[in-house]
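One line per chain: the protein sequences are A and B, in this order.
Those letters in the first sequence? Residues 1 to 250, per full-length UniProt numbering, in order.
Those letters in the second sequence? Residues 1 to 250, per full-length UniProt numbering, in order.
Heads up, the thing below is written out as structure tokens.
There are 2 protein chains.
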Amino acid sequence: MATVDQGPDAEIPAPPWKRRRPPAKARQPLSQDLIVDTALRVLDAEGLDAVSMRRVAQELGTGPASLYAHVSNKEELLELLLDRVSGEVSLPEPDPARWREQVKEVAHEIHQVLSAHADIARVPLGMIPTGPNALRLNERLLGVLLAGGVPPQIAAWAVDRIYLYVNSDAYEGSIHVTKQRASGLEPAEYMAGFLGQVREFFTSLPADRFPATVRHAPELMSGDGEDRFEFGLELLVRGLESYVRGAGKD
Amino acid sequence: MATVDQGPDAEIPAPPWKRRRPPAKARQPLSQDLIVDTALRVLDAEGLDAVSMRRVAQELGTGPASLYAHVSNKEELLELLLDRVSGEVSLPEPDPARWREQVKEVAHEIHQVLSAHADIARVPLGMIPTGPNALRLNERLLGVLLAGGVPPQIAAWAVDRIYLYVNSDAYEGSIHVTKQRASGLEPAEYMAGFLGQVREFFTSLPADRFPATVRHAPELMSGDGEDRFEFGLELLVRGLESYVRGAGKD
DNA sequence: TTCTACGGACGAACAGCGTTCGTGTCAAGT
DNA sequence: ACTTGACACGAACGCTGTTCGTCCGTAGAA
Chain A
1 MATVDQGPDA EIPAPPWKRR RPPAKARQPL SQDLIVDTAL RVLDAEGLDA VSMRRVAQEL
61 GTGPASLYAH VSNKEELLEL LLDRVSGEVS LPEPDPARWR EQVKEVAHEI HQVLSAHADI
121 ARVPLGMIPT GPNALRLNER LLGVLLAGGV PPQIAAWAVD RIYLYVNSDA YEGSIHVTKQ
181 RASGLEPAEY MAGFLGQVRE FFTSLPADRF PATVRHAPEL MSGDGEDRFE FGLELLVRGL
241 ESYVRGAGKD
Chain B
1 MATVDQGPDA EIPAPPWKRR RPPAKARQPL SQDLIVDTAL RVLDAEGLDA VSMRRVAQEL
61 GTGPASLYAH VSNKEELLEL LLDRVSGEVS LPEPDPARWR EQVKEVAHEI HQVLSAHADI
121 ARVPLGMIPT GPNALRLNER LLGVLLAGGV PPQIAAWAVD RIYLYVNSDA YEGSIHVTKQ
181 RASGLEPAEY MAGFLGQVRE FFTSLPADRF PATVRHAPEL MSGDGEDRFE FGLELLVRGL
241 ESYVRGAGKD
């Protein structure tokens, strides 16, 4: 049916057995940035579990094998994804007089950015971030502490501990978001149901075996995630403060 | 060859096409406890990633479907596994005079038990433990804090934060163990290699863009996991102490 | 201009995962 | 002796990360 010579780019209707990629071709040239972009879109839309090599590839109109030319494995993709997100964190200029507030500001900022991107907080818990933006955060947080007069060794370890705290709390928070999303309920509905279950659980305990727990069930249940995050941060900062006052001797 | 009537349980050598389960039958009756036992064995031997429904079933000489009669899904199995492990934690009797030390003792105890069982610490990070042994820990830790004069609301939140800290640090630690195990190297070899990489990374940074990081690279790298865990614990306890001293007003 | 290399793209496959369905079997209750 | 119901479980579904070998389009060499 089709004549042979029409020039190489003429609109030949159908030599279909050799036409390999008609639907997905003439795309963008598939770079690492593009892959991370796509992964970020999937993350925000459907959560970290949806960020699979296959899913990202599908979103780009190709197969999973194509990604491995630009990203050595999934772990690297997640590192790149985390660092992309970390770029959204804005940081203050160190001010010696306000170091306590600034430590909290940085912590809140990181927490907020992580929480804004589904359960991305699971990633830094499974590795030590070494991307350029992670370095930027490290540098600033360390700078704030040093400016505040925290001894260098204390400040260095404190950076590590504060990171661990922020990441783990953000991860814990993201679990609830994930479960709420999976349940299909409204956030308020879900939270009410969850709190109700916990309340029932605590108050139904035998008071003789768990006296403190039953007696203080209201305190154990009071406060939302934000309150508890703030409280833990306050604990850490107060602890650090004790090293500044007595900086001369331990 | 085989005669027909020998009684139903006689030793018939081979009607092989209908003999369904000759290798794996006449086993233990496959209870929930037995499943958790087996999962624990796999966990200790090969890590949490090896604890799959298929693997546990295989270890019991059966298929994965058989487990679902005793355990509703993998999440429940992991909860049971965690609570089994939590039973190994031994707890002190609250002593008002030693509350700071006791908080640390409990934290260390939990940390140690979690670390003794591969990367089981990943489990409590993904859920709120509600098993009987988790309750036992809650009750005791809360009791220690209250005995020490920590205000109830502070104590209640502190339990939550201390848990989060212990779990997340134990998890972070288990990552290194897992990677070391996967690398096939000796622990010392692996650690040396890892520290060397980090050292090289820090010292190769541009000092003008990351002055604090480069200047304090030794402090950032000093201390092993145990030192850092202890330091974070000290921060938390010092923070709590500040609430005890000024218990009257905030 | 023609040929040759080379690197990116990618279809297919491998081994594993959690979970469900339908069937099979055995023991206890009627 | 027969029925009932709980447990056991083979097979399958749809998913995962990763690798192999092959294809193609282009850039450089002849």
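Idealized CB from N, CA, C, for every residue including glycine.
Own chain, CB closer than 6 angstroms to residue i, minus 5 neighbours either side, in chain order
i              : result
F202 (chain B) : A217
N133 (chain A) : D83, S86, G87
L233 (chain A) : K104, A107
Option in the options with minimal Cα separation from residue i
i                     : options                        : result
M127 (chain B)        : B:L146, B:S168, B:R41          : B:S168
P124 (chain A)        : A:V177, A:F210, A:Y171         : A:Y171
G173 (chain A)        : A:T213, A:A116, A:S183, A:G148 : A:A116
V51 (chain A)         : A:A69, A:P29, A:E76            : A:E76
A192 (chain A)        : A:L135, A:L48, A:S222          : A:S222
A118 (chain B)        : B:T178, B:L81, B:L141, B:G184  : B:T178
L135 (chain B)        : B:L114, B:I175, B:V159, B:Q112 : B:V159
residue 253 (chain B) : B:V198, B:T130, B:R209, B:G225 : Given that chain B is displayed from residue 1 to residue 250, the structure contains no residue 253 (chain B) and the question cannot be resolved.
R209 (chain A)        : B:Q58, B:G143, B:I120, B:E109  : B:G143
A45 (chain A)         : A:E189, A:A182, A:T213         : A:A182
I110 (chain A)        : A:S72, A:A207, A:L164          : A:L164
P129 (chain B)        : B:L48, B:W157, B:L78           : B:L78
V166 (chain A)        : A:G196, A:L114, A:L48, A:D227  : A:L114
residue 282 (chain B) : A:Y190, A:R199, A:F231, A:L195 : In the structure displayed, chain B extends from 1 to 250; residue 282 (chain B) sits before or after that span and is not available.
C-beta contact flag for residue i and residue j at 8 angstroms
i              : j              : result
G239 (chain A) : R238 (chain B) : yes
E219 (chain A) : P152 (chain B) : yes
V89 (chain A)  : L137 (chain A) : yes
R140 (chain A) : L91 (chain A)  : yes
L60 (chain A)  : L30 (chain A)  : yes
Q32 (chain A)  : H70 (chain A)  : yes
Y190 (chain A) : Q180 (chain A) : yes
L235 (chain B) : L236 (chain A) : yes
L205 (chain B) : I120 (chain B) : no
Residue i, enclosing alpha helix (DSSP H) - first and last residue
i              : result
N138 (chain B) : 132-147
V177 (chain B) : 152-183
D44 (chain B)  : 32-46
G232 (chain A) : 225-245
A69 (chain B)  : No alpha helix (DSSP H) contains A69 (chain B), which DSSP labels as neither H nor E.
M221 (chain A) : 217-221
T62 (chain B)  : Taken as a continuous stretch (DSSP letters only), T62 (chain B) belongs to no alpha helix (DSSP H), as it is neither H nor E.
M127 (chain B) : Premise fails: M127 (chain B) is in no alpha helix (DSSP H) and is neither H nor E.
D83 (chain B)  : 74-86
H108 (chain B) : 99-115
L195 (chain A) : 187-203
Cut-off 8 angstroms between Cβ atoms - residues of its own chain near residue i, not counting five sequence neighbours on either side
i              : result
A147 (chain B) : P94, D95, P96, W99
G149 (chain A) : P96, W99, V244, A247
S242 (chain B) : none
F194 (chain A) : H176
A155 (chain A) : L142, L145, L146
G131 (chain B) : E79, L80, L82, D83, S86
Q58 (chain B)  : none
Close-in-space but distant-in-sequence residues of the same chain around residue i (CB under 7 angstroms, 5 per side omitted)
i              : result
A10 (chain B)  : Because the pLDDT of A10 (chain B) is 35, which lies under 50, any placement of that residue in the model is unreliable, and the question is left without a value.
V56 (chain B)  : I35, T38, A39, V42, L67
M53 (chain B)  : P64, L67, K74
F229 (chain B) : H111, D169
A207 (chain A) : V214
P187 (chain A) : Q180
E200 (chain A) : none
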